[in-house]
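Participant:
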Amino acid sequence: SDGFFSQARKRCANAPNMDFKTLSISKDAIMQGFTPASYDLILAPNVCINLIPEETLANLLTLLKLDGILLLTEISTVTRTPSCIFGNFSGWWLGEADGRTWEPDVLPERWDAGLKAAGYTGAEQVVSDEEMPYQMCLTILSRPRKRREDLDKKVTVLCCEPYQNLASGLISALRQANWEVAS
C-alpha cells in the first residue's frame with residue numbers, strides 16, 4: 605500500500621537509492637512496470653498469506669535476480685487468535701479460493717511446497733517465533749531455483765586424446781545438447 609510511503613520516505617530520506625512503488629502481487633509485476641530479474645532481495649512481510657500463495661510467489665519470482673533472495677514473514681499458527689483479530693477485514697478470507705476456509709494461515713510444509721511449485725528452492729530456512737502450539741509467525745528464506753537454460757553452458761573436457769572414441773563421443777553428445785565444448 606502506498607499509504608506507508610509518506611512515513612517511509614521520511615525515515616529513508618538519507619538513502620538516495622531508495623525507490624517507492626506500489627506492487628499488486630496478485631497481478632503480473634512486469635505488466636505493472638517493474639523490471640524483470642532486477643531485485644537482489646524482496647522482503648515480503650504478511651503480503652502473500654491471504655492470496656493463493658503459489659500465484660503470488662510466482663509473481664514475485666519474476667522480479668528476483670537468479671541469485672536473489674525472498675524473505676517472507678507470515679502468520680502461521682494452529683490457533684484462531686489472528687482470525688478473531690483480523691477476520692473483520694474482507695481480505696483476510698481470500699484464502700478460501702484454495703481451500704483455507706477457516707483461516708488463511710499456511711504451515712511450513714505448505715510454504716515449502718508452494719515455493720517449490722512457484723520455481724523457488726523451497727523453504728530453505730524457516731524461523732518461527734515460538735514452538736507449536738504457541739507459534740504465531742514464520743520467517744522463511746528462499747531463492748529462485750536455477751533452471752538448466754539459465755546456466756552458462758560451457759564445459760572443458762580434459763583428456764589426453766580428444767579424438768579417441770570415448771572422449772569424441774562425449775564431446776559430440778555435449779555439442780548436440782547445445783554445450784560449448786573446449787578440449
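Our numbering numbers the first residue of the sequence shown as 605 and each following residue consecutively.
Each residue gets a CB set at the ideal place from its N, CA and C atoms; glycine is no exception.
Everything numeric in this text was worked out from a predicted model, so none of it was measured.
(1) Only counting runs of 4 or more residues, tell me where the alpha helix (DSSP H) segments fall wholly within the segment 651 to 677, in order along the chain.
(2) Once you ignore the five residues that flank Ile634 on each side, which residues in its own chain have a CB closer than 7 Å to its CB?
(3) List the residues that DSSP assigns as beta-bridge partners of Cys764.
(4) Does any heavy atom of the ligand MG sit closer than 7 Å to the C-beta of Thr677?
(5) Ala777 by DSSP, collapsed to three states: which one?
(6) Does the segment 644 to 651 come close enough to the segment 666 to 681 that 3 or more CB-CB pairs lie under 8 Å?
(7) Consult DSSP for Glu784 and reduce its assignment to one of helix, strand or coil.
(8) By DSSP, does Ala612 sit in helix, in strand, or in coil?
(9) Hey, is the segment 759 to 766 in contact with the segment 719 to 738, meaning 3+ C-beta pairs nearer than 8 Å?
(10) Report the three-state DSSP secondary structure of Asp716 (helix, strand or coil).
(11) Give the single residue among Arg684, Lys758, Ser610 and Cys741 whose Cα lies nearest to the Cα of Ala781.
(12) Taking only three categories from DSSP, how would you classify Gln739?
(13) Who pairs with Ser680 in a beta bridge, going by DSSP?
(14) What's the gap between the Cα of Leu668 and the Cα of Arg747?
(15) Looking at the structure shown, is Ala617 part of a helix, part of a strand, or coil, going by DSSP?
(16) With distance defined between alpha-carbon atoms, name the residue in Ser610, Glu728 and Cys741 nearest to Val710.
(17) Does DSSP classify Ser642 as helix, strand or coil?
(18) Distance check for Asp733 and Ser680, CA to CA, integer angstroms please.
(19) Nearest-angstrom Cα distance between Asp632 and Gln768?
(20) Leaving out five residues on either side along the sequence, give the residues of the same chain with a beta carbon under 6 Å from the beta carbon of Thr677.
Facilitator: To lay it out plainly:
(1) 657 to 665
(2) Pro640 and Thr666
(3) According to DSSP, Cys764 bridges with nothing at all.
(4) By its list of ligands, the structure shown contains no ligand whatsoever, and the ligand MG lies outside what it can speak to.
(5) helix
(6) yes
(7) strand
(8) helix
(9) no
(10) helix
(11) Lys758
(12) coil
(13) Bridge partners of Ser680: none, in fact.
(14) 8 Å
(15) coil
(16) Cys741
(17) coil
(18) 10 Å
(19) 52 Å
(20) Pro649 and Thr743
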